[in-house]
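First comes the structure, then the notes that go with it.
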Amino acid sequence: MNGRSTQHPQQGLPTPDRRKLLHERRYDIRGYERDDGMIDVEGKIVDTKPYSYDNHDRGYIAAGEPLHEMHLRLTIDHNFKIHKSVAATLFSPYRMCPGATDAYSRLEGLTIGPGFNKRAAEAVGTAFGCTHITEMLRAMGTVAYQSMWPIIRRKELEAEEKRQAENPSGAGEDEDTSKQKKRPGLLGSCHAHAPWSEVVERNWPDFFDPEAEAGALAKRERQAR
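Numbering of the sequence shown is given in my numbering, commencing with residue 1170 and proceeding in unit increments.
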C-alpha cells in the first residue's frame, strides 16, 4: 500500500442556471474513539441565511448568524448500544427551543441498528423533541457505523481465524447456517454493496449473486407502479 488514493475524480453537478443563495444548512458529524474504548458520535447542525431579518423572540438575526445551531453527542459501545446521550441548543428561533434537549437523554439504552430511527423518535416523543436534532440522528447512525467499521472488521477477522484454528476442516458445520452467521451487514444496502457488484464479488465471494440483479429490477418496477 503506497498511501495514495486511487480514486479517480468524478464529474460534479452540471453548471447551474443563474441563481441566488436563500438558505444554507450544514451538518458536521464526527466519530471519536475514547480512551476508555467507547465511541463518541458528535453531531452539529447549523442553519444560516445570507440576509438579515426580524425575529419575534430574538429581535433581529443578522446575515450569516445561525438561525439554528444544535449539537448532539452519543456515547456508544462496540455493540452500538447508547450509554450516554446529551444535546445542546446554542441558537434557535424561539426562546423555548432549548427545553427540548433533555428529551434526548431518553435515547440512552437504545441500540443503533435496524429500526433505530423509529425507536428513537418514539423514545424522544415528537412534541417533546427538536425536529432538527431528530433529523440529524439518521446521519449520526451512519457515522457510528463508519467509525466502528475498522473495529468490527478486526473482530470478524479474529473470529474467523479462531474458528479455522479450532476446526480447520470445517467438520460438523452446516454450510448454510455458517454462511448466514457471517452474512455481511452491508450486503444489499447500496449500489456498491449490491449482491451482483464487483465489490461483493471481491470481498464476500460466497454472497456474490450476479443473477439477483434481474429480480431486484423487476421488484423495483412493481413497487413503482
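For every residue, glycine included, the Cβ atom is placed at its ideal position computed from N, Cα and C.
Exclusion of the five residues before and after residue 1253 leaves 1244 as the residues of its chain whose Cβ lies within less than 6 Å of its Cβ. Here residue 1211 has 1199 and 1242 as same chain residues with Cβ atoms under 6 Å from its own Cβ, once five neighbours each way along the sequence are excluded.
Going by C-alpha positions, residue 1249 is about 8 Å away from residue 1313. Counting every other CB atom within 10 Å of its CB across the protein chains shown gives residue 1265 a total below 16, marking it as exposed. Closest in alpha carbon position to residue 1257, among 1273, 1263, 1355 and 1320, is 1273.
It is roughly 5 Å from the alpha-carbon of residue 1378 to the alpha-carbon of residue 1365. Counting C-beta atoms within 10 angstroms of its own C-beta, residue 1299 has 16 or more neighbours from the protein chains shown and is therefore classed as buried.
Residue pairing of residue 1228 in beta bridges, as defined by DSSP: 1224. A Cβ-Cβ separation of about 6 Å places residue 1209 in contact with residue 1203 under the 8 Å criterion.
In this structure, DSSP gives residue 1250 an extended state, which the three-state scheme calls strand.
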